[in-house]
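Using UniProt numbering, read the sequence shown as starting at 1 and increasing by one per residue. Backbone N, C-alpha and C define an ideal beta-carbon position, used for all residues, glycine too.
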Amino acid sequence: MATFNISEPAVPLSSWVVVTGVSGLVGSHVADQALQVGHKVRGTTRSRSKNLWAEEHFQAKYGSENFELVEVLDMAAKGAFEKVVAGDSGFIHVATDTTGSNEAHTAIPKVVDAAINALEAAAKEPSMKRFVYTSSSFAATFPSPDQRIATAQETFNDEAVRKARLPDRVGKLTQTRRP
């Protein structure tokens, strides 16, 4: 286990921190790191019953008083995080809902609404000190085999936006070409 020395933490050690998507690859690692430095973690998942392994793992490793698994069925639903953040000092929004539609006009608003709900819940909580929003390398660029890609803070994946608009055009093209 790594040893951390944080002399002046922005979020007080031993305070509660929300980590969304705690049953996912990135979320579980973020939760583990937060627990290692001395925070308590309230991890969210869409299905508590399907992800009890996370609770069992983190409680066995860090103690039942330091980890809680909370079900948030729909992060895009208004007020989805309001009860989750009660008394918490930090919020790390890792999760992205990848279920449901692959259609941009349906999927994108759900992701945006979830982020807004997380931000609004954190902003309303008096004990909240910090909010961290994690993103993805895909927000900056598409990976390209055998090609080095330099990214900067201003790098955004505009190609993804163009491609997200294509299903509508492809659908029209396919419909037009039908005999």
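Who are the near neighbours of residue 133 in its chain, counting only those whose CB is closer than 7 Å to its CB and skipping five residues on each side? Within the sequence shown, numbered from 1, the residue matching residue 133 stands at position 133. Counting only Cβ-Cβ distances below 7 Å, and skipping sequence neighbours, we find 93, 115.
Please look up how many angstroms separate the CB atoms of residue 18 and residue 84, rounded, as I've assumed it's under 8 Å. As a first step, residue 18 is located in the sequence shown; it is residue number 18 there, counting from the start. As a first step, residue 84 is located in the sequence shown; it is residue number 84 there, counting from the start. Indeed they touch by this definition, with Cβ atoms about 6 Å apart.
Would residue 81 pass as a contact of residue 121 if the rule is Cβ separation under 8 Å? Position 81 of the sequence shown, counting from 1, holds the residue named residue 81. Position 121 of the sequence shown, counting from 1, holds the residue named residue 121. Yes. Within cutoff.
Which residues in the same chain as residue 26 place their Cβ atom closer than 8 Å to its Cβ, once the five residues preceding and following it in sequence are excluded? The sequence position of residue 26 within the sequence shown is 26, counting from 1. Excluding sequence neighbours, residue 26 sits near 94, 134.
Nearest residue (CA-CA) to residue 10, options 58, 137, 20, 34: On the sequence shown, position 10 is the one that residue 10 refers to. Out of 58, 137, 20, 34, 34 has the C-alpha closest to the C-alpha of residue 10.
Start and end of the alpha helix (DSSP H) containing residue 27? Working through the sequence shown from its first residue, we reach residue 27 at position 27. Where residue 27 is concerned, the enclosing alpha helix (DSSP H) stretches over 25-37.
Can the beta-carbon of residue 31 be found less than 8 Å from the beta-carbon of residue 45? For this step, residue 31 is matched to residue 31 along the sequence shown. For this step, residue 45 is matched to residue 45 along the sequence shown. Result no, Cβ atoms of residue 31 and residue 45 do not sit closer than 8 Å.
What's the call for residue 69, buried or exposed, on a 16-neighbour Cβ count within 10 Å? Within the sequence shown, residue 69 is the residue found at index 69, counting from 1. Looking at its Cβ environment, which holds 16 or more other Cβ atoms inside 10 Å, residue 69 is buried.
Kindly give me the distance between the Cβ atoms of residue 48 and residue 65, rounded to whole angstroms, as I take these residues to be in contact under 8 Å. Residue numbering aside, residue 48 sits at position 48 when the sequence shown is read from its first letter. Residue numbering aside, residue 65 sits at position 65 when the sequence shown is read from its first letter. Not a contact, Cβ separation roughly 18 Å.
Looking at the structure shown, is residue 175 part of a helix, part of a strand, or coil, going by DSSP? Sequence index remark: in the sequence shown, residue 175 carries index 175 (1-based). Its pLDDT being 48, under 50, residue 175 is placed unreliably by the model, and the measurement read from it follows with that caveat. Here residue 175 sits in helix by DSSP.
Of the listed residues 5, 12, 61, nearest to residue 28 (C-alpha basis): Position 28 of the sequence shown, counted from the start, is the residue given in the question as residue 28. When only C-alpha atoms are compared, the closest one is 61.
Do you know how far the Cα of residue 87 is from the Cα of residue 149? Residue mapping note: residue 149 aligns to position 149 of the sequence shown, counting from 1. Residue mapping note: residue 87 aligns to position 87 of the sequence shown, counting from 1. C-alpha separation (whole angstroms): 42 Å.
Could you name each continuous alpha helix (DSSP H) segment of 4 residues or more that falls completely within the UniProt domain "NAD-dependent epimerase/dehydratase" (17-149), going from the start of the chain to the end? 25-37, 52-62, 104-124
Buried or exposed: which applies to residue 142, given that a residue is buried once 16 or more other Cβ atoms fall within 10 Å of its Cβ? Here residue 142 refers to the residue found at position 142 of the sequence shown. Counting every other CB atom within 10 Å of its CB across the protein chains shown gives residue 142 a total below 16, marking it as exposed.
From residue 160 to residue 63, what distance separates their C-alpha atoms? On the sequence shown, position 160 is the one that residue 160 refers to. On the sequence shown, position 63 is the one that residue 63 refers to. About 42 Å.
For residue 118, count neighbouring Cβ atoms within 10 angstroms of its own Cβ and tell me buried if that reaches 16, exposed if not. To locate residue 118, count along the sequence shown from 1; it is residue 118. The residue in question, residue 118, is buried, as its Cβ has 16 or more Cβ neighbours within 10 Å.
Compute the distance between the beta-carbons of residue 14 and residue 40, then report whether it is under 8 Å. Indexing the sequence shown from 1 puts residue 14 at position 14. Indexing the sequence shown from 1 puts residue 40 at position 40. Contact flag set, yes.
Under the rule that 16 or more other beta-carbon atoms within 10 Å means buried, what is residue 195, buried or exposed? Since the first residue of the chain shown is 1 and the last is 179, residue 195 is not available in this structure.
Backbone CA spacing between residue 98 and residue 77 [nearest angstrom]: As a first step, residue 98 is located in the sequence shown; it is residue number 98 there, counting from the start. As a first step, residue 77 is located in the sequence shown; it is residue number 77 there, counting from the start. About 15 Å.
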